[in-house]
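Visitor: First the structure, which I've put down as structure tokens, then a few questions once you've had a look.
Residue numbers (my numbering): 1363 to 1763.
So this is what it looks like as structure tokens:
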């Protein structure tokens, strides 16, 4: 009697390994949206003041889609590696539970207006003890903070260029801490003048460097002993201007580039003390940094300029003019994303080293550094076209050509 013969295929060990990788790859990435959603629910239940945003949603959809497309293009092992990297990046975007703010004090510079002013109010509302450094002790910004915030907020007169004021601030902060510890330093103070090196006075260029770079150095030298005791956080406000050139803002770019480099050095040097360092890189926000008296500044520069500069540039170039009369309308008035990033840098268990906020903060430096030079130059030229700036000598040359 004939018997049916059953043939059982035998898979090689490499085929089994490939199958396991492919299966694990699909299971891992398919589960990521579930992990994200559960983390979101946990964050809501734990009252974490951060919500999932559309950027995070696109990450989830993108990684979920890669489950189906990556194995078709790459080997299962390489596909798994890509998905693991994407998954690790995605998990870092999940809202996590913050450390408690109670018992923690934070020193902020540049609180008269803009980011520093709003951050002082936000940290006070979260329960921090806030030392708000103000350039003008009895100014409008200082008075608003006193009137609108709790008794936990204390204003301190603080010119980051003045080491005498800084030494007094150290004593004032130390005596006011009580049982609290200085948990955070936020170097926010900054200034900017629009103009090129030939037009600006040396004193104004030195002032920009003194505030934006050496001011942060002065504050850190004075307050780091207190920060080492708490193993707290150092947060510096940088700019995409420190990562890519912006014409007519060269000195400001240089000051922010110096601060960015110093921040990276501090991030490594202070690890041994348990201090975590973060850099906030905003772009395209209306912060008030350009609210200086441009007419008075132009007159002062024109008076100090030599005859050759006056003849070649003409007086009109000394007065800052924007091609868009309502140029500030394109700037973002909502500082929420910046403030959330700064709070995360202060309270997250594992703060990010860099917080990019704003459309151009990440893409402008990336495009400038990685695209061919002639394309990068065109991008920077678009930034220069923001200003109505044409030296008289170049106008005369174009007419005679």
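A virtual CB, placed ideally from N, CA and C, is assigned to each residue, including glycine.
Under three-state DSSP, which class holds residue 1515?
Guide: Strand.
Visitor: Comparing alpha-carbon positions, which option in 1608, 1598, 1571, 1612 lies nearest residue 1739?
Guide: Ranking 1608, 1598, 1571, 1612 by Cα distance to residue 1739 puts 1608 first.
Visitor: Starting from the Cα of residue 1516, find the closest Cα among 1460, 1496, 1522, 1502 and give me that residue.
Guide: Per the Cα distances, 1496.
Visitor: Using the C-alpha atoms, what's the distance from residue 1699 back to residue 1716?
Guide: So the alpha carbons of these two residues sit roughly 14 Å apart.
Visitor: Using 10 angstroms around the beta-carbon of residue 1757, count the other beta-carbons present and answer buried if the total reaches 16, otherwise exposed.
Guide: Residue 1757 is exposed by the Cβ-count criterion.
Visitor: According to DSSP, residue 1487 sits in a beta bridge with which residue or residues?
Guide: In the DSSP output, where bridge partners are listed per residue, residue 1487 has none listed.
Visitor: So, at 8 Å on beta carbons, what are the nonlocal neighbours of residue 1581 in its own chain, with the 5 sequence-adjacent residues on each side left out?
Guide: Answer for residue 1581: 1469, 1471, 1522, 1528, 1547, 1549, listed in chain order.
Visitor: State the DSSP-derived secondary structure class of residue 1546, mapped to helix, strand or coil.
Guide: In the structure shown, residue 1546 sits in a strand (DSSP, three-state: E or B).
Visitor: Excluding five sequence neighbours on each side, which residues of the same chain lie with their C-beta closer than 6 Å to the C-beta of residue 1709?
Guide: The answer, listed in chain order, is 1460, 1461.
Visitor: With a cut-off of 8 Å on the beta carbons, I'd call residue 1706 and residue 1713 a contact; round off their distance for me.
Guide: Rounded, the Cβ-Cβ distance is 6 Å, consistent with contact.
Visitor: Taking the beta strand (DSSP E) that residue 1538 falls in, what are its first and last residues?
Guide: Premise fails: residue 1538 lies in the alpha helix (DSSP H), 1525 to 1539, not in any beta strand (DSSP E).
Visitor: Could you name the residues that DSSP lists as bridge partners for residue 1716?
Guide: BP columns for residue 1716 point to 1641.
Visitor: Alpha carbon to alpha carbon, how far is residue 1481 from residue 1505? Give it in angstroms, no decimals.
Guide: Each residue's Cα considered, the two are about 15 Å apart.
Visitor: Identify whether residue 1472 lies in helix, strand or coil by the three-state DSSP scheme.
Guide: Correct three-state label for residue 1472: coil.
Visitor: What separation, rounded to the nearest whole angstrom, lies between the Cα atoms of residue 1736 and residue 1651?
Guide: Distance between the alpha carbons of residue 1736 and residue 1651: 31 Å.
Visitor: Consider the C-beta atom of residue 1631 and the heavy atoms of the ligand MG; say whether any pair is separated by less than 7 Å.
Guide: By its list of ligands, the structure shown contains no ligand whatsoever, and the ligand MG lies outside what it can speak to.
Visitor: Would you be able to state if there are at least three C-beta pairs under 8 Å between the segment 1620 to 1630 and the segment 1672 to 1683?
Guide: Not touching, per the Cβ criterion.
Visitor: Expressed to the nearest angstrom, what Euclidean distance is found between the alpha-carbon atoms of residue 1594 and residue 1636?
Guide: In a straight line, the C-alpha of residue 1594 is about 7 Å away from that of residue 1636.
Visitor: With DSSP as the reference, please indicate the residues paired to residue 1492 in a beta bridge.
Guide: According to DSSP, which records beta bridges pairwise, residue 1492 is partnered with 1468, 1515.
Visitor: So, at 6 Å on beta carbons, what are the nonlocal neighbours of residue 1726 in its own chain, with the 5 sequence-adjacent residues on each side left out?
Guide: So the list reads 1602, 1606, once near-sequence residues are dropped.
Visitor: Nearest by alpha-carbon distance to residue 1743: which of 1696, 1610, 1475 is it?
Guide: The residue with the shortest Cα to Cα distance from residue 1743 is 1610.
Visitor: Return helix, strand or coil for residue 1647, following the three-state DSSP convention.
Guide: Residue 1647 falls in the strand class under three-state DSSP.
Visitor: Between the Cα of residue 1585 and the Cα atoms of 1675, 1565, 1539, 1509, which residue gives the shortest distance?
Guide: The candidate whose alpha carbon is nearest that of residue 1585 is 1539.
Visitor: Let's see if you can read the secondary structure: which residues bound the beta strand (DSSP E) around residue 1599?
Guide: Start and end: 1595 to 1599.
Visitor: Can you pull the DSSP bridge partners for residue 1653?
Guide: The partner list for residue 1653 (beta bridge, DSSP) is empty, contrary to what the question assumes.
Visitor: What do you get for residue 1667, buried or exposed, if any count of 16 or more other CB atoms within 10 angstroms of its CB means buried?
Guide: Classification of residue 1667: buried, given that the 10 Å Cβ count is 16 or more.
Visitor: Looking only at its own chain, which residues have a Cβ that is under 6 Å from the Cβ of residue 1675, when we skip the five neighbours before and after it?
Guide: Closer than 6 Å at Cβ, skipping near neighbours: 1753.
Visitor: Apart from the five residues just before and just after residue 1647, which ones in its own chain have a Cβ nearer than 7 Å to its Cβ?
Guide: These residues qualify, in order along the chain: 1693, 1694, 1697, 1700, 1720.
Visitor: At which residue ranges does the segment 1554 to 1640 contain complete beta strand (DSSP E) runs of 3 or more residues, listed in the order of the chain?
Guide: Listed in chain order, they are 1595 to 1599.
Visitor: Around the C-beta of residue 1747, are 16 or more other C-beta atoms found within 10 angstroms, so that it is buried, or is it exposed?
Guide: By the 10 Å Cβ count, residue 1747 comes out exposed.
Visitor: Any chance the segment 1486 to 1496 sits against the segment 1563 to 1573, with 3 or more Cβ pairs inside 8 Å?
Guide: Taking 8 Å as the limit for Cβ pairs, the verdict is that the segment 1563 to 1573 does not touch the segment 1486 to 1496.
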